[in-house]
Amino acid sequence: MTSYRLPQGGRINRAAPLTFTFDGKSYQGFEGDTLASALLANGVQLFGRSFKYHRPRGLVGAGSEEPNALISVTRGPGRFTPNLRATSIEAYHGLKATSQNRWPSLRFDFGAINDRLGMFFPAGFYNKTFMWPRSFWEKLYEPAIRQMAGLGNPPTEDDPDHYSATYAHCDLLIIGAGPAGIDAALEAAGTKKRVILIDEQPEAGGGALADPCLWAWLERSLQALADAPNVTLLTRTTAFGYFHDNFIGAVERLTDHQSEPGHGPREKLWRIRAGDVILAQGAIERPLVFDGNDTPGVMLASAAKTFAVRYGVAVGQSAAVMTSHDSGWRDAFLLKQSGVGIAAIIDVRSEVARPLHDQAAALGIPVRLGQSVIGVTGRHAVQSIEIAANDGTGRTTLPCDAVLMAGGWTPTVHLWSHSKGSLDWREDIGAFVPARPAEKVRCVGACAGNWDFGSGLTIDALPTPKDPRRIKAFVDFQNDVTAKDIRLAIQEGFRSIEHIKRYTTNGMATDQGKTSNLNGLQIASTALARPVPEIGLTTFRPPYTPQSFGALAGHAKGALFQPTRKTNIDSWAEDNGAVFELVAQWRRARYFPQPGEDMHAAVNRECRAVRQSVGIFDASTLGKIEVVGPDAAEFINRMYTNPWKSLEPGRCRYGLLLKEDGFITDDGVSARLAEDRFHLTTTTGGAARVLNMMEDYLQTEWPDLNVWLTSTTEQYAVIALQGPMARKLLEPLVERIDLSPEAFPHMAVREGV
Amino acid sequence: MILIHCPYCDEDRPEIEFAYGGEAHIARPLDPSAMSDAEWERYLFIRNNPRGRHHERWRHSHGCGRFFNAVRDTVTDKFETTYKAGEPRK
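Protein chains in written order, with numbering that gives the first Met the number 0: chain C, 0 to 752; chain X, 0 to 89.
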């Protein structure tokens with residue numbers, strides 16, 4: 000197989016080769032590769048099958064925006080993770096990756112029959128087709144659809160990894176360590192502010208990693224940040240959600256990039272509270288919409304540049320660049336200079352700036368203006384493309400092995416939108432940009448729409464002489480939504496983008512439309528003949544990229560899911576063979592079976608013992624509240640239904656507690672220990688609720704009462720001692736208490752030692 | 000997670016330290032037995048559900064334990080102010 004590794008360049012460590020497998024086949028890569036770049040270097044272009052039509056798919060992007068190349072990684076029993084993006088999987092020695100949603104194999108997938116039957120699966124097809132008979136849905140349709148359509152399989156075993164969590168506080172949180180984020184961090188490094196700078200990639204630098212001119216600056220800057228004691232840089236850390244009052248959730252991946260997972264936590268959840276937030280998340284390039292734009296080998300120009308410059312991999316030997324934006328030209332030049340052959344630059348615009356022409360000529364790159372790609376030949380890889388002028392004339396075929404799309408840029412406003420900041424439409428760049436903040440946050444760099452990518456034309460779909468109903472021009476690659484589907488939704492009466500989104504599922508895949516939202520909007524805007532801002536933008540919600548349940552659960556699983564409250568007598572009961580039951584969070588001895596006894600036999604024996612002699616019961620779980628103060632009796636009298644003021648010290652009484660609506664909320668026996676001191680008991684589950692209710696009345700209704708309430712539930716062990724021999728059993732165990740029936744009658748309380 | 004200002008502690012503390020306590024400034028009738036069923040129903044069950052400013056009770060359960068009142072915007076989920084129990088409606 001031809002190697003697509005460029006002879007030089009990239010930030011990979013060519014001295015550290017590694018071996019990994021994809022679908023069982025062994026490949027070589029280098030330290031610093033992602034699974035995507037390493038496979039590309041080996042000439043692999045087919046990464047997966049699409050969700051609905053099972054179409055062969057390759058890479059679109061080079062980062063976390065990747066919609067197509069979803070991969071499963073297995074690292075031994077229980078350590079199976081589906082739906083990882085190949086572009087975000089760091090290659091390590093021994094990595095075992097498999098493709099998804101195909102059977103029996105990635106190249107020969109039975110499900111691809113869906114693609115041939117595509118005319119039967121238009122937008123909303125499941126709403127229309129699988130309605131009748133109704134009973135078939137649960138038994139037949141849904142299981143069949145689930146089997147056919149889908150992503151990776153869920154893991155089947157318990158996750159043996161553990162996950163850590165921490166809180167962090169800082170004066171300034173910067174999200175995104177590209178040039179804009181690093182500049183902001185350098186500025187803050189000179190102050191006394193506590194700064195946290197986080198980036199989802201293994202290496203800080205963002206866009207600078209794909210621009211060798213910036214590498215010297217990057218190294219200097221990262222050294223300056225490392226020297227600044229007030230700056231913390233977290234890499235491999237994804238800020239997945241922006242919550243109220245500058246509370247940001249982030250997950251740091253600790254072991255997934257290592258050959259051996261080791262014994263440390265796999266991931267760490269950071270809950271960060273920040274004084275100010277700077278979002279420097281950059282921008283994502285937009286694909287172009289044309290027939291066959293999902294063929295493996297058709298990808299974003301910026302991704303091809305990243306693969307060449309950062310990873311030293313050529314995406315092809317002869318790539319055609321299809322662009323509507325100056326940035327496509329610049330990427331083509333950089334690719335050519337890096338050793339990637341460029342078949343042609345095709346620009347849908349009729350005019351571009353003179354310097355671009357000159358440089359293309361100097362590099363010997365053929366240029367075609369006012370033309371578009373109208374078709375792609377090749378199923379598992381690009382073989383050639385068909386090109387036509389914008390008026391449909393002059394159809395020609397151009398052999399090439401990759402097509403690089405440059406459709407302009409979309410600022411990454413996901414976290415900004417989580418924070419409820421508003422967006423303004425900027426016609427000149429054809430994108431929404433951050434406007435008014437709702438928190439103490441600002442955006443810098445490309446995610447604010449400030450970039451030096453040049454100018455471009457925002458276009459909904461490339462012009463084509465073909466019948467638009469008969470072509471497959473994809474908008475959302477992950478959910479298999481075509482331009483035709485969006486137009487169909489509008490034809491069927493959908494107007495709001497929120498409805499169009501749900502009907503077509505455009506932007507509803509796990510990538511949340513990072514590469515598809517704006518193209519979908521432009522197509523809807525054209526079809527409705529209304530400007531984009533009138534149609535609106537769908538809502539971004541956390542998480543920015545999918546996160547593991549493990550990271551979110553942290554330590555709160557199994558025995559640590561919630562506390563187990565144990566009584567003082569618990570260890571004695573355990574030693575004596577108790578069977579326990581859970582009562583709210585308490586664990587309480589239920590019965591003590593002797594050999595051969597079942598629960599009924601044991602309980603019968605215990606009851607007989609109580610009736611005939613004596614038995615003990617661990618009642619420590621009952622809630623206890625100490626009520627103290629000159630107005631204690633008055634307070635309790637108002638709380639319970641029955642009178643308490645007449646109760647003498649040393650006596651007990653049963654109390655019934657009602658809510659305002661007259662329903663019983665709790666009950667229990669309480670004792671008056673002294674004139675101004677009561678010991679209340681509540682039900683086991685009601686302790687906190689009753690104390691809260693009493694505090695509520697005391698603080699807000701009767702603040703004039705001089706009473707203190709204290710929870711004493713865990714300060715006392717309680718043994719209910721019952722049966723005719725109870726006094727006799729207790730007698731030798733206590734001092735200074737007269738246990739005679741006269742001195743210690745029914746419903747009496749005595750203190751002793 | 001929202002930060003809530005406890006007027007007793009005079010601190011901004013995270014939401015998990017607090018418990019919601021329903022609508023504020025609902026005066027408990029001094030003589031319930033004198034009320035009609037309709038009046039009693041209104042006191043027990045009928046609550047405002049405004050879009051915007053909402054007066055509500057909170058308790059700093061995992062802090063000082065005090066009940067206090069707050070004005071929160073139900074659209075933005077932002078607290079406008081918090082004040083001690085017994086102080087006039089803001």
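The beta-carbon is built from N, C-alpha and C at its ideal position, and this holds for glycine as well. Computed from a prediction, not measured in an experiment: that's the story for all the values here.
- Taking 9 Å as the Cβ-Cβ cut-off, the segment 75-87 of chain X approaches chain C at T75, D76, K77, A84 and G85, given in chain order.
- Excluding sequence positions up to five before and after A526(C), its CB lies within less than 6 Å of the CB of R486 and I489, all in the same chain and listed in chain order.
- Within chain X, the residues F66 and A84 have their CB atoms less than 7 Å from the CB of T699(C), given in chain order.
- With its beta carbon less than 8 Å from one in chain X, H243(C) belongs to the interface.
- Annotation: T80(C) to S710(C) spans about 46 Å, alpha carbon to alpha carbon.
- Around the Cβ of F109(C), a 10 Å sphere holds fewer than 16 other Cβ atoms; the residue is exposed.
- Closest by C-alpha distance to R652(C), out of L461(C), D346(C), L672(C) and R115(C), is L672(C).
- If you draw a straight line from the Cα of A68(C) to the Cα of R106(C), it comes to about 14 Å.
- Around the beta carbon of N575(C), fewer than 16 other beta carbons lie within 10 angstroms, which makes this residue exposed.
- Ranked by Cα distance from L171(C), the first of N113(C), A225(C), F246(C) and W216(C) is F246(C).
- Between the alpha carbons of G42(C) and P103(C) lies a gap of roughly 22 Å.
- The DSSP-derived three-state label of W701(C) is coil.
- Unbroken alpha helix (DSSP H) runs of no fewer than 4 residues, entirely contained in the segment 615-647 of chain C, are found at 631-638, following chain order.
- For D695(C), the nearest beta carbon of chain X is closer than 8 Å to its own beta carbon.
- Taking the C-beta atoms as reference points, D346(C) is found no nearer than 8 Å to S383(C).
- Contact between V748(C) and G649(C) holds: their C-beta atoms lie close to 6 Å from each other, under 8 Å.
- Within the same chain, and ignoring the five residues on either side of T80(X) in sequence, the residues whose Cβ sits closer than 6 Å to its Cβ are V70 and K89.
- The beta-carbon of E659(C) is placed less than 8 Å from the nearest beta-carbon of chain X.
- Assigned with DSSP and collapsed to three states, Q99(C) falls in coil, not helix or strand.
- Interface residue (Cβ-Cβ distance to chain X less than 8 Å): F239(C) is not classified as such.
- For the 8 Å CB-CB criterion, G722(C) and V602(C) do not form a contact.
- Shown here is that no member of the segment 625-658 of chain C has a Cβ falling below 7 Å from a Cβ of chain X.
- For K658(C), the closest of S669(C), Y639(C), L646(C) and G667(C) by C-alpha to C-alpha distance is Y639(C).
- For M34(X), the nearest beta carbon of chain C is not closer than 8 Å to its own beta carbon.
- K727(C) sits in a helix when the DSSP states are folded into three classes.
- In this structure, F19(C) places its C-beta atom within 8 Å of the C-beta atom of A90(C).
- Of the other Cβ atoms in all chains shown, fewer than 16 fall within 10 Å of the Cβ of A528(C); this residue is therefore exposed.
- Here the alpha carbons of I112(C) and A143(C) stand approximately 14 Å from one another.
- By the rule that beta-carbons nearer than 8 Å mark a contact, R50(X) does not touch chain C.
- Each residue's CA atom was taken as its position, placing D357(C) and A482(C) some 35 Å apart.
- Annotated as distal: L334(C) and A352(C), with beta-carbon spacing of 8 Å or more.
- The segment 457-469 of chain C makes no contact with the segment 29-49 of chain C; the number of CB pairs closer than 8 Å stays below 3.
- Here the alpha carbon of V381(C) sits roughly 30 Å from the alpha carbon of P545(C).
- Not one beta carbon of chain X lies nearer than 8 Å to the beta carbon of P410(C).
- As computed with DSSP, Q280(C) is found in no beta bridge at all.
- Using a Cβ-Cβ cut-off of 8 Å, F246(C) counts as an interface residue toward chain X, since at least one Cβ of chain X sits closer than that to its own.
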